[in-house]
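Colleague: Below you'll find the structure I mean.
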Amino acid sequence: MMPAKQPKLLLVDDHEANLVALRTLLSQDGVEVLQAGSGREALEMLLDHDVALAIIDVHMPIMDGFELAELMRGSRRTQHVPIIFLTGESQDNLHRFRGYQAGAVDFLYKPIEPHVLRSKTAIFLDLFRQREELARQRDRFLTLAEEKARLLRERDEADQRLRDSESRFRLLADSAPVIIWMNGLEGVEFVNQACLNFFGVATVEEAGKLSWLHYVHPDDQAQAADTYRRAVAERVRFETSFRCRRGDGAYRWMRTIGMPTLSPSEQLLGYIGASFDLTESKEAEERLQRWSVDLERAVNQKTDELRRSQTQLRALATELNLAEQKERKRLATELHDYLAQLLVVVRMKLRQAIPGVSGDRTAELLQDADQALTQSLDYTRCLVAELTPPTLKEFGLLESLTWLAEQMQRHGLP
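Heads up: the sequence shown runs through residues 33 to 446, numbered per the working numbering.
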């Protein structure tokens, strides 16, 4: 706020002595006294100074007091300056009338009574101070009014931006395929169109009539409520899943995520969050789990069947091996007990007959036959040994395998 202006007095008189006397009489703290020796000098001062009162001598050369007053009244800058005329003329009404017509507020006759002039001057100085105070108050009021108007404009602009932001947020939220919600400390403040559609209601008020726990499956209420209460108590993010009843009565698996909203002073204002329908995912997960169990059961079943098949194959292989061994033994027995013995008998008979044969050719043929019988007997013995090694027959399978390994090593077989 600007400091108070110091009131100014303008004294106009063509006599220096009168100016000195008036200055001495009217000088006081906080008042600036200006002096002019002519009407022209007074007009020049009035161009640079705003005065609270002009005390003008009527009789001055070139431009008298009345003419000066008329010029002052003709200027917007000085037309409201109070004027007190001083005159030494007789107190005739015509003279007084001309003074008031020229714009005087008072008329004093010389000799002047000091206390009267001081009193009248004090009145106009007080009026000036009051006008200045009113002007300051007016300026202060205008400043406050302008500031208030600016604040109102800024508030209106902020409100409009907020409405625009809320409109964009609502448009974005209503376009979202998931449920979006905002809870204050007193209850539901906002839900998007997806939420209204899910619960089968038309307005936020309808959605907030009942607690959200009312829509949660009874088996999930305790867990959901405990998760939310702990998050509110700690003012932290929460995430939970539960079954929620849709408007048509069907329960859907929902995954809900909430974030706390805080004031600038870190006071909890509520929560904002989103809820996603997980029913299809849950059903797919359950189907996958069932398939996994079924697959594991089938694998176990096939594994058991394979084990049984392997057992059966091993048993069959054992039986085949035993049958092969029996067949080998039978063949070896046949070769040894029948064919080999028969060959031995034939060779013995042949050798008995050789000495009684005459003729070289016949003897040679018999010798060849004996040799063939010997080779056949050796081959038969080899076959018997291959079919039933003596070790296998005498000592069993383990010793036979050891013998076979030694034979393979001796002959350089891998």
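Using N, Cα and C, we set each Cβ at its ideal position, and we do this for glycine too.
How should I212 be labelled, buried or exposed, when 16 other C-beta atoms within 10 angstroms of its C-beta is the threshold for buried?
Modeller: Buried, because 16 or more other Cβ atoms sit within 10 Å of the Cβ of I212.
Colleague: Once the 5 residues before and after T293 are set aside, which same chain residues still bring their CB inside 6 Å of it?
Modeller: Closer than 6 Å at Cβ, skipping near neighbours: L301, G302 and I304.
Colleague: Should D280 be labelled buried (16 or more other beta-carbon atoms within 10 Å of its own) or exposed?
Modeller: Answer is exposed; the Cβ neighbour count stays below 16.
Colleague: Among Q342, E312, A167 and F156, which has the Cα closest to the Cα of M286?
Modeller: Selected option, being the one with the closest Cα: E312.
Colleague: If you run the structure through DSSP and keep just helix, strand and coil, what is D336?
Modeller: Helix, per DSSP.
Colleague: Roughly how many whole angstroms lie between the Cα atoms of V63 and D89?
Modeller: Cα-Cα distance, rounded: 20 Å.
Colleague: Specify whether the segment 67-77 and the segment 125-144 touch according to this definition: at least 3 beta carbon pairs, one from each stretch, less than 8 Å apart.
Modeller: The segment 67-77, when compared against the segment 125-144, does not touch it at the 8 Å Cβ threshold.
Colleague: Determine the contact status of R261 and R275, defining contact as a CB-CB distance below 8 Å.
Modeller: Result no, Cβ atoms of R261 and R275 do not sit closer than 8 Å.
Colleague: To the nearest angstrom, how far is the alpha carbon of F427 from that of T412?
Modeller: Note that F427 has pLDDT 48, beneath the 50 cutoff, so the model's placement of it is unreliable and no number is given.
Colleague: Hey, A256 and G290: beta-carbon distance below 8 Å or not?
Modeller: No, the pair does not count as a contact, with Cβ atoms beyond the cut-off.
Colleague: Can you give me the Cβ contacts of V325 inside the same chain, cut-off strictly under 7 Å, excluding the 5 residues immediately before and after it?
Modeller: Here the set comprises nothing.
Colleague: Would you please state the rounded distance, in angstroms, between the beta carbons of L149 and L57? I believe it to be under 8 Å.
Modeller: Contact holds; Cβ gap of about 6 Å.
Colleague: Using 8 Å as the threshold, is the C-beta distance between A101 and I87 below it?
Modeller: Against a cut-off of 8 Å, the Cβ pair of I87 and A101 comes out as no contact.
Colleague: Output the distance between the C-alpha atoms of F231 and D252, rounded to the nearest integer angstrom.
Modeller: Approximately 18 Å, taken between the alpha carbons.
Colleague: If you compare alpha carbons, which of E318, V268 and L78 is closest to R109?
Modeller: Nearest C-alpha to R109: L78.
Colleague: Can you find the residues in the same chain that come closer than 6 Å, C-beta to C-beta, to N215, ignoring five residues on each side of it along the sequence?
Modeller: G302 and Y303.
Colleague: Near E337, what residues of its chain come up, given a Cβ to Cβ distance below 7 Å and the 5 sequence neighbours on each side ignored?
Modeller: Here the set comprises nothing.
Colleague: Would you report the Cα separation of F222 and A265, rounded to the nearest angstrom?
Modeller: Rounded to the nearest angstrom, the two C-alpha atoms are 22 Å apart.
Colleague: With DSSP as the reference, label F427 as helix, strand or coil.
Modeller: In this prediction, F427 has a pLDDT of 48, which is less than 50 and means its spatial position is unreliable; nothing more can be read from the coordinates.
Colleague: Taking only the alpha-carbon atoms, compute the straight-line gap between A385 and Q399 and give it to the nearest angstrom.
Modeller: About 11 Å.
Colleague: Going by the beta-carbon positions, is the gap between F156 and A74 smaller than 8 Å?
Modeller: In this structure, A74 does not lie closer than 8 Å to F156 by Cβ.
Colleague: Nearest-angstrom Cα distance between R362 and C414?
Modeller: Cα to Cα, the separation comes out at about 15 Å.
Colleague: Decide if S341 is buried, meaning its Cβ has at least 16 other Cβ atoms within 10 Å, or exposed.
Modeller: Exposed, because fewer than 16 other Cβ atoms sit within 10 Å of the Cβ of S341.
Colleague: Which stretch, first to last residue, makes up the beta strand (DSSP E) that contains R277?
Modeller: Segment F270 to R277, the beta strand (DSSP E) holding R277.
Colleague: Check this for me: beta carbons of G71 and E99, under 8 Å apart or not?
Modeller: Yes, the Cβ-Cβ distance between G71 and E99 is below 8 Å.
Colleague: Is the separation between the beta-carbon of F270 and that of V210 shorter than 8 Å?
Modeller: Not in contact: F270 and V210 (Cβ atoms no closer than 8 Å).
Colleague: Measure from the alpha carbon of R277 to the alpha carbon of each residue in A181, V248 and R267, then state which is nearest.
Modeller: Closest option to R277, Cα to Cα, is V248.
Colleague: In the DSSP assignment, find the alpha helix (DSSP H) that holds E102 and state where it starts and stops.
Modeller: Per DSSP, E102 belongs to the alpha helix (DSSP H) from G97 to R105.
Colleague: Here's the rule I'm using: 16 or more other beta-carbon atoms within 10 Å means buried, otherwise exposed. How should T343 be labelled?
Modeller: Flag for T343 reads exposed.
Colleague: Using the C-alpha atoms, what's the distance from L245 back to D258?
Modeller: The straight-line gap from Cα to Cα measures roughly 11 Å.
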